[in-house]
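Asker:
Number of protein chains: 2
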Amino acid sequence: MGDVIIAGIGQTDVGEHWDVGLRDLALAAIEEAVRDAGGLKPEAMYVGNMLAPNLSNQAHLGALLADYAGLAGIEAATVEAAGASGGAALRQGYLAVASGMVSIALVVGVEKFTDRIGSQVEAAAATAGDSDFEAVQGLTPASQAAMLMKRYLHENDVPADGFAGFALTAHANGAGNPHAMFRRPIKRDTYARAPMISEPLNQYDIAPSADGAAAVLLAPGERMNSPTFAPVRIAGSASAVDTLAIHDRQDALEFASCGLSAARALAQAEASLGDIDFFEYHDSYSIYAALALESVGFAERGKGWKLAADRAIALDGKVPAATMGGLKARGFAGGATGIYQAVEATLQLQGRAGKNQLKQARRGLIQSMGGPGSTVVSHVLQTAD
Amino acid sequence: MGDVIIAGIGQTDVGEHWDVGLRDLALAAIEEAVRDAGGLKPEAMYVGNMLAPNLSNQAHLGALLADYAGLAGIEAATVEAAGASGGAALRQGYLAVASGMVSIALVVGVEKFTDRIGSQVEAAAATAGDSDFEAVQGLTPASQAAMLMKRYLHENDVPADGFAGFALTAHANGAGNPHAMFRRPIKRDTYARAPMISEPLNQYDIAPSADGAAAVLLAPGERMNSPTFAPVRIAGSASAVDTLAIHDRQDALEFASCGLSAARALAQAEASLGDIDFFEYHDSYSIYAALALESVGFAERGKGWKLAADRAIALDGKVPAATMGGLKARGFAGGATGIYQAVEATLQLQGRAGKNQLKQARRGLIQSMGGPGSTVVSHVLQTAD
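From first to last, the protein sequence lines are chains A and B. The first sequence begins at 30 in the working numbering and counts up one residue at a time. The second sequence begins at 30 in the working numbering and counts up one residue at a time.
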């Protein structure tokens with residue numbers, strides 16, 4: 030098993046791209062990643078996508094995007110694991126290069142949500158849960174997150190706006206990311222006055238669904254990265270699934286797969302949690318950010334919200350998180366999200382994160398999640414030296 | 030890169046499973062494969078599925094099926110490449126084990142088509158083509174195959190029932206496969222009198238869409254296979270995409286990705302076409318079987334149909350094909366199809382193919398196809414000794 034580096038990155042703005050289709054978004058990210066890698070040609074392409082078969086009537090994205098990018102003849106396929114599709118595609122690209130069978134792998138995440146209205150997106154996103162036993166009862170991703178948040182508030186002593194810190198941090202960081210959907214900081218008051226979506230989940234507890242594409246080029250360790258930037262190594266890669274449904278778990282407030290996949294990735298990287306300089310979590314809902322912090326081990330049970338309230342997750346905090354805005358402010362672009370995390374972590378590790386550059390960024394943990402911790406893919410990225 | 034063997038296989042009957050859902054079909058195949066492998070426990074699961082997000086409102090099959098099989102905690106994801114989803118999932122499982130990162134990988138293909146009526150399945154299957162430029166015009170997989178067949182008949186001198194040999198062979202072989210959907214031989218007359226579906230494609234030129242699941246357990250080469258059966262090695266594995274749409278190709282009657290992926294897989298296996306004892310092609314349409322035979326190199330251009338007419342593809346022919354009935358008689362179970370091919374090839378190589386056992390079966394080529402040759406995944410399976 031060989032070393033794998035990130036040789037190039039690309040991303041589009043996240044937002045409402047009314048004038049651009051799925052394939053054009055993907056192509057923009059692909060072309061930027063290939064340019065960033067100094068023109069490396071991929072032998073294989075893995076596409077992370079969540080809902081195109083439902084929302085765009087388009088499956089078979091591997092062949093579609095390889096063709097559109099002028100890459101007919103290479104290998105290509107889509108990898109799907111609901112909201113973790115991006116992370117899962119990155120994992121497959123990693124395995125392909127690590128196996129030695131594929132030299133250069135392109136991993137592209139793409140999603141086009143805004144061609145449909147919000148309720149259609151939410152209904153389609155419910156296919157990530159158990160269709161026969163959950164969606165059929167009317168359960169949606171947001172109502173599920175609301176129930177978990179309610180349970181969390183029941184078990185723990187959290188003040189009324191205890192979760193505000195997640196949105197505040199995300200939006201503060203989004204302000205420094207030119208690709209983010211929301212680029213203005215918000216005030217605590219904004220959170221407190223936000224309309225309720227599914228009680229106790231308010232508008233600022235929920236990441237916005239949006240369009241976007243991001244891409245990374247993976248290469249064997251012995252290849253140099255783009256000459257301009259320090260090489261970034263994928264030091265750890267792991268994935269774990271939990272029960273699909275919350276009702277099948279002994280403990281609703283533990284995202285076991287967050288802990289399991291992070292522990293596996295850290296073990297491979299021969300690192301401990303204390304060695305992690307920043308954490309890109311899957312904050313589709315603020316409660317999921319809190320549970321990720323706890324289940325991975327950054328916070329004790331019931332105390333994840335405090336890391337946000339105490340600004341420990343800020344850029345100058347102990348555990349910087351969502352450093353480029355996270356899902357909340359950069360935007361949740363479905364299957365592209367896990368690739369955005371890899372792109373953003375690479376920017377931090379290479380000192381290219383602009384206004385949001387961390388003082389110390391030698392090793393980051395990124396986590397891509399599908400469902401309420403049902404699939405979690407963790408990667409440890411670090412500077413090669 | 031390490032050797033990878035098939036350590037266990039499982040399959041359900043292909044057909045109309047009115048009383049069984051997607052997860053139960055998959056579970057039956059998984060349990061049989063695990064039993065066949067003497068109880069080996071998978072660390073990762075790759076699911077080949079084509080249309081569950083559309084037809085069953087169910088995505089996120091990795092977590093769903095791992096959970097249902099009692100495997101929460103392992104790694105899991107879905108791999109999609111339209112009709113080639115099964116082959117693409119097998120390829121990812123192969124890469125995972127070859128990389129050394131995953132010890133035992135379970136690859137399961139599953140599809141549930143019959144919960145919807147045929148026109149809904151055909152509309153959903155059109156998502157495998159270009160939604161914005163083809164499906165939107167009303168092009169369906171069958172009408173596309175019909176156009177290719179018409180062009181083939183225009184360019185080549187083929188008698189009226191020239192394609193009958195494909196259906197005759199498939200149904201003759203299906204009769205010997207207890208898992209096949211159609212288990213009765215047909216007569217040349219049956220083909221000739223079959224109703225036209227999309228001229229010149231008649232009912233017997235088209236494989237039936239059906240429900241089914243198949244599974245294989247992959248293990249590193251150094252592990253012994255189930256003690257009962259001779260080990261089967263994945264000697265070659267490769268995938269290639271072509272343009273998604275036929276209208277973007279210079280030559281509509283060459284499935285370049287059939288040739289490209291077969292050549293790559295054969296090169297890896299250090300074998301030539303003459304070393305191949307049998308060929309499992311993706312005969313979703315008889316014209317695709319003919320084009321696969323030609324593009325891979327078993328027949329000259331325009332002569333693929335003659336291999337069928339001359340019985341060269343029969344069990345005792347020069348190039349036995351669709352040895353357990355192929356898509357035409359075993360049935361086309363979407364993303365399960367590529368895994369059925371792997372299961373059937375393993376049965377042949379291990380001498381477990383019953384009535385359809387080939388006299389010589391040391392090396393087989395299997396090909397899983399999505400769209401009209403848009404994605405083709407080829408594997409060379411061979412006896413380990």
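Note that beta-carbon positions come from the ideal geometry of N, C-alpha and C, so glycine has one too.
Express the C-alpha separation of A:W47 and B:V76 in angstroms, rounding to a whole number.
Answerer: Taking the straight line joining both Cα atoms gives about 33 angstroms.
Asker: At what residues does the alpha helix (DSSP H) containing B:I316 begin and finish?
Answerer: Segment S315 to V325, the alpha helix (DSSP H) holding B:I316.
Asker: Give the residues of chain C in contact with B:G91, contact being defined as C-beta atoms less than 7 angstroms apart.
Answerer: Absence of chain C from the displayed structure is noted, the protein chains being A and B.
Asker: Could you say which of B:A199, B:Q389, B:S324 and B:A242 lies nearest to B:V405 if we only look at CA atoms?
Answerer: Taking only the C-alpha atoms, the option nearest B:V405 is B:S324.
Asker: Compute the Euclidean distance between the alpha carbons of A:P82 and A:D186, then round it to the nearest angstrom.
Answerer: Taking the straight line joining both Cα atoms gives about 42 angstroms.
Asker: When the cut-off is 8 angstroms and only beta carbons count, does B:G102 lie next to chain A?
Answerer: So yes, B:G102 belongs to the interface.
Asker: Report yes or no: is there a C-beta of chain A within less than 8 angstroms of the C-beta of B:S128?
Answerer: Cβ-Cβ to chain A under 8 angstroms: yes for B:S128.
Asker: Using the rule of at least 16 other Cβ atoms within 10 Å of the residue's Cβ for burial, across every protein chain shown, is B:S315 buried or exposed?
Answerer: B:S315 comes out buried.
Asker: Does the stretch 122-129 of chain A come within contact of the stretch 344-354 of chain A, defined as at least 3 CB pairs closer than 8 angstroms?
Answerer: In short, these stretches do not touch, since the Cβ pair count stays below three.
Asker: So is B:F192 buried or exposed if we call it buried at 16+ other beta carbons inside 10 Å?
Answerer: B:F192 should be labelled buried.
Asker: If you compare alpha carbons, which of B:G91, B:H208 and B:Q370 is closest to A:S403?
Answerer: The candidate whose alpha carbon is nearest that of A:S403 is B:G91.
Asker: Taking only beta-carbon atoms, is A:D96 less than 8 angstroms away from chain B?
Answerer: It does; some Cβ of chain B falls within 8 angstroms.
Asker: Does A:P207 come out as helix, strand or coil in the three-state DSSP assignment?
Answerer: Reduced to three states, the DSSP call for A:P207 is coil.
Asker: What are the residues that DSSP puts in a beta bridge with A:R262?
Answerer: Partner(s): A:I34 and A:Q411.
Asker: Can you tell me whether DSSP reads A:M176 as helix, strand or coil?
Answerer: In the structure shown, A:M176 sits in a helix (DSSP, three-state: H, G or I).
Asker: 8 angstroms is my cut-off, CB to CB: does B:L177 come that close to chain A?
Answerer: Output row for B:L177: interface = no.
Asker: Under three-state DSSP, which class holds B:G380?
Answerer: If DSSP states are grouped into helix, strand and coil, B:G380 belongs with coil.
Asker: So B:G50 contacts chain A; which residues on that side make the cut at Cβ distance below 9 angstroms?
Answerer: Within chain A, the residues near B:G50 are D161.
Asker: Among B:I103, B:Y97, B:A73 and B:K357, which one has its Cα closest to the Cα of B:A204?
Answerer: The residue with the shortest Cα to Cα distance from B:A204 is B:K357.
Asker: Measuring CA to CA, which of B:A281, B:N78 and B:S286 is closest to B:L119?
Answerer: Residue B:N78 is the option with its Cα nearest to B:L119.
Asker: Classify A:A106 as helix, strand or coil using the three-state DSSP reduction.
Answerer: Note: A:A106 maps to strand in three-state DSSP.
Asker: For B:P82, which residues in chain A fall below 7 angstroms Cβ to Cβ?
Answerer: Per Cβ cutoff of 7 angstroms: P82, N83 and T156.
Asker: Assuming A:V372 and A:V245 make a contact with CB atoms under 8 angstroms, what is their CB distance in whole Å?
Answerer: Right, the Cβ-Cβ distance comes to about 6 angstroms (below 8 angstroms), so this counts as a contact.
Asker: Taking 8 angstroms as the limit between beta carbons, can you name the residues of its chain near B:L275, skipping five residues before and five after?
Answerer: In the sequence as displayed, the identity of residue 275 of chain B is Ile instead of Leu. Around B:I275: Q173, M176, L177, A281 and P401.
Asker: Over the uninterrupted beta strand (DSSP E) stretch that includes A:L135, give me the two end residues.
Answerer: A:L135 -> beta strand (DSSP E) spans A134 to E140.
Asker: Between which two residues does the beta strand (DSSP E) containing A:L247 stretch?
Answerer: From DSSP, the beta strand (DSSP E) with A:L247 extends over G241 to P249.
Asker: Keeping to the same chain, check which residues put their C-beta closer than 6 angstroms to that of B:A298; ignore five residues upstream and five downstream.
Answerer: Here the set comprises A264, G265 and V409.
Asker: I want to know whether the stretch 385-397 of chain A touches the stretch 105-117 of chain A - three or more CB-CB distances under 8 angstroms.
Answerer: The stretch 385-397 of chain A is in contact with the stretch 105-117 of chain A.
Asker: Of the choices B:M225, B:L197 and B:A223, whose alpha-carbon is the least far from that of B:K216?
Answerer: Ranking B:M225, B:L197 and B:A223 by Cα distance to B:K216 puts B:L197 first.
Asker: At least one CB of chain A closer than 8 angstroms to the CB of B:L124: is that the case?
Answerer: With 8 angstroms as the cut-off, B:L124 counts as an interface residue toward chain A.
Asker: Would you mind reading off the limits of the alpha helix (DSSP H) that contains B:Q396?
Answerer: B:Q396 -> not in any alpha helix (DSSP H); beta strand (DSSP E) instead, spanning R392 to G399.
Asker: For B:V150, which residues in the same chain have their Cβ closer than 6 angstroms to its Cβ, ignoring the five residues on either side in sequence?
Answerer: If we look at B:V150 and ignore the five residues flanking it on each side, its Cβ neighbours are F142 and S238.
Asker: Taking the alpha helix (DSSP H) that B:V348 belongs to, which residues open and close that run?
Answerer: Note, B:V348: premise wrong, no alpha helix (DSSP H); not H, not E.
Asker: Out of A:A155, A:E309, A:Y181 and A:L124, point me to the one whose CA is closest to A:I368's CA.
Answerer: It is A:E309.
Asker: Compute every distance between the C-beta of B:V348 and the non-hydrogen atoms of the ligand GTP, then say whether any falls below 7 angstroms.
Answerer: This structure lacks the ligand GTP, and indeed carries no ligand of any kind.
Asker: Just confirm the distance between the C-beta atoms of A:R52 and A:H208, as a whole number of angstroms; I'd bet it's less than 8 angstroms.
Answerer: Going by Cβ atoms, the distance from A:R52 to A:H208 rounds to 19 angstroms, so no, they are not a contact pair.
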